[in-house]
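Peer 1: Offset between the sequence shown (1-based) and my numbering: plus 904. Heads up, the beta-carbon is just placed ideally off N, CA and C, and yes, glycines get one too. This is the structure, below, for whatever I ask next.
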Amino acid sequence: MAAKTDTPSCIIGEGSIFDGRFSVNGSILIEGKFTGDIRTDDQLIVGPSGKVRTDIVARRVTVAGTLIGNIAASEEVTLLRTGKVLGNISTPKLTVEPGVITEGKVTITSGQVEDAKKIIEDSFGPAPDEAFTAAARERKRERVKEKDRDEPAK
């Protein structure tokens, strides 16, 4: 497993189960099952036998096991070939090895915390989802007006 930290500050070993809130100064390796909230100021590694259900906030994240939850990494996310992620990923750098299974939205921040939606709006006008929503609201208003015209006054 390609980890940038030689020795993790904390290890949740294979066969261990943790359910709750966990905050670590330093890196953490999860080889067991983890459910709850987790924060680290360094690297979080979900090892090949790790099964994690949480949102992760860390500097660097490496996933070789299974993660259900969102990842917010300030430096990078690495998804190794055995990794499975169901959730959104936000990071300036993303590395994905062949064989990874993932589903979710990926936001590459380029080191900036700019809102992608604002960038799109500044360049092209309203984002498509807002345009569709605005169009749907307008169609609904037109249907209500037509219905009011068709119904006799009471």
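1) Taking 8 Å as the threshold (C-beta atoms), are V989 and T1006 in contact?
2) Going by CA-CA distance only, name the one from F1028, G924, I934, F922 that's closest to T966.
3) Quick one, are the C-beta atoms of T995 and A968 less than 8 Å apart?
4) On the three-state DSSP scale, how would you describe R943?
5) Thinking just about the alpha-carbon of each residue, which of N974, G1029, I932 is nearest to the one in D959?
6) Only counting the same chain, and skipping five residues up and downstream in sequence, which positions put a Cβ closer than 6 Å to that of G930?
7) Just to confirm my understanding: we take D923, look at its own chain, exclude 5 residues before and 5 after, and list those with CB closer than 6 Å. What are they?
8) On the CB-based measure, 16 or more other CB atoms within 10 Å of its CB, does V1048 come out buried or exposed?
9) Please name the residue in V1000, D1026, N992, L971 whose C-alpha comes closest to that of G1008.
10) Considering Cα atoms alone, identify which of K955, E980, P952, S953 is closest to R963.
11) Within its chain, find whatever has a CB closer than 6 Å to the CB of R925; leave out the 5 residues flanking it on each side and keep chain order.
Peer 2: Let me spell this out:
1) yes
2) I934
3) no
4) strand
5) Comparing Cα positions, the closest option is N974.
6) The answer, listed in chain order, is S913, D946.
7) T939, G940
8) exposed
9) Closest by alpha carbon: N992.
10) The residue with the shortest Cα to Cα distance from R963 is E980.
11) G940, D941, listed in sequence order.
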